[in-house]
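Here's the structure we're looking at; comments come further down.
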Amino acid sequence: MKQLIEFIPIALFGGVYFWTRDIFAATFFLMGGICLQLAFEYWTTRKVSRQTQIIFWSAILLGGATVIFRNEEFLFWKPTIVNWIFSLALLGFHFFSKENLLRRMLGSKIQLPEHVWINLSLGWAMGFFLAGLLNLIVAFQFSLDFWVSYKLFGGLGLTLFYFVVMAVYLARGGYLNQPKPVTEETTNR
38 MKQLIEFIPI ALFGGVYFWT RDIFAATFFL MGGICLQLAF EYWTTRKVSR QTQIIFWSAI
98 LLGGATVIFR NEEFLFWKPT IVNWIFSLAL LGFHFFSKEN LLRRMLGSKI QLPEHVWINL
158 SLGWAMGFFL AGLLNLIVAF QFSLDFWVSY KLFGGLGLTL FYFVVMAVYL ARGGYLNQPK
218 PVTEETTNR
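Position in the sequence shown (first residue = 1) + 37 = this note's numbering.
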């Protein structure tokens, strides 16, 4: 359900853009959709994840600048900034913390050796960096229509590609065949 809610703002953005061909109206709907996403997350969990906060603030600040200054280049930078923040977070935890950020987020779901967590973190950091770079290339070298299409489908495609690569890496290493860790949730069934 959360993944569906996360897709609503970008679907609104794309739908409004391709219906009106007005990037500023589409940006306004993107910001509204992200506000609804944040409200829904808070309403259902009584908290807002850091990821949602980053996406929210980048959309409000850069989307707002896009609408106020009537300049879509602010919006072009949003996906890059978000991806690079995620990349820097993974790298920051890797180099400056004793804790692995991916293990912290996913460690209750799957148990992996330390070197695998490191490889996954560095791989995702590189993936986020490249996604941000690719966004800039598409934004500044192609048409606005192409960039909006890329935002709708390319970003999702890249994310799915990363998940497939990660799953293949884990499967080849035999890490997906492990029993689930015992938690309160699994013992109460």
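Beta carbons: idealized from backbone N, C-alpha and C, even for Gly.
Own chain residues within Cβ distance below 6 Å of residue i, not counting five before or after
| i | result |
| --- | --- |
| I118 | S95 |
| L213 | L207 |
Presumed contact (8 Å Cβ cut-off) between residue i and residue j, rounded CB distance
| i | j | result |
| --- | --- | --- |
| I45 | Q74 | 6 Å |
| G100 | L149 | With 8 Å as the limit, G100 and L149 do not qualify as a contact, their Cβ atoms being about 37 Å apart. |
| G210 | V153 | 7 Å |
| P116 | G169 | 7 Å |
| L127 | A162 | 4 Å |
| F130 | L138 | 4 Å |
| F165 | W121 | 7 Å |
| E109 | L181 | 7 Å |
DSSP state of residue i mapped onto helix, strand, coil
| i | result |
| --- | --- |
| S134 | coil |
| E43 | helix |
| S180 | coil |
| P150 | coil |
| G210 | coil |
| S145 | coil |
Within 8 Å, strictly: CB atoms of residue i and residue j
| i | j | result |
| --- | --- | --- |
| I60 | Y54 | yes |
| V159 | M203 | Reading off the sequence shown, one finds Leu at residue 159, where the question assumed Val. Contact: no. |
Residue environment, residue i, which counts as buried when at least 16 other CB atoms sit within 10 Å
| i | result |
| --- | --- |
| G70 | buried |
| L112 | buried |
| T103 | buried |
| T223 | Confidence is the limiting factor: at T223 the pLDDT is only 49, short of 50, which leaves the residue's position unreliable, though a coordinate-based value still follows. It counts as exposed. |
| W56 | exposed |
Cβ-heavy atom distance, residue i to the ligand HEM, below 7 Å
| i | result |
| --- | --- |
| K188 | Inclusion of the ligand HEM in the displayed structure is not the case, the ligand content being empty and no account of it being possible. |
Same chain only: Cβ atoms within 8 Å of residue i, ignoring 5 sequence neighbours per side
| i | result |
| --- | --- |
| Y79 | V85 |
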